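What follows is a short report on a single structure.
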């Protein structure tokens, strides 16, 4: 939301999977690999754009040549009406084709900002985690592929403070519900 890359940190606490947003500094080593991947994607997109522009030019040149040939060979009004309809349909086709190409080029920019909320655990994630340390796996998407890397955070990282405050809030909420249910049970027993 604020221009910085955002990640979802997946970790397992007991039997529950938990997710937390994670912000890494821009100079973190993790981004070096991502930048090279993004550069490859940009090159592929530029190549695709050049190809579509070449196809567009060829279609326009072909239609112009066809128009010249038709102008020379036209002798009566009936073929002229047919050729005008062809020209209109070709122009419509070219316009629709251009719209389709521009939409397809814009689509990755739109999809770039969506975050996936349901993430399944990768198959080999247990190999990445060593015993005795906080167990974290950073999941990210590179292209259409989900990838994961082990993440070692220092014990004084702000993430742990947020995690502890979140756990405390859950404990307080559970205690509140427990008190409410006990109060309701006591009232029901008093009434009967």
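In our numbering, the protein residues as written are 3 to 194.
The beta-carbon is built from N, C-alpha and C at its ideal position, and this holds for glycine as well.
The structure displayed is predicted, hence computed values, not measured ones.
- Using a Cβ distance threshold of 7 Å, residue 11 and residue 18 do not count as a contacting pair.
- For residue 138, the number of other beta carbons within 10 angstroms of its own is at least 16, and it is reported as buried.
- Residue 12: member of the beta strand (DSSP E) spanning 9 to 15, first to last residue.
- With a cutoff of 7 Å on beta-carbon distance, residue 98 and residue 65 are scored as not near each other.
- Rounded to the nearest whole angstrom, the CA to CA distance from residue 174 to residue 164 is 15 Å.
- The beta carbons of residue 140 and residue 147 sit no closer together than 7 Å.
- Within the same chain, no Cβ atom closer than 6 Å to the Cβ of residue 40 is found once the five residues on either side in sequence are excluded.
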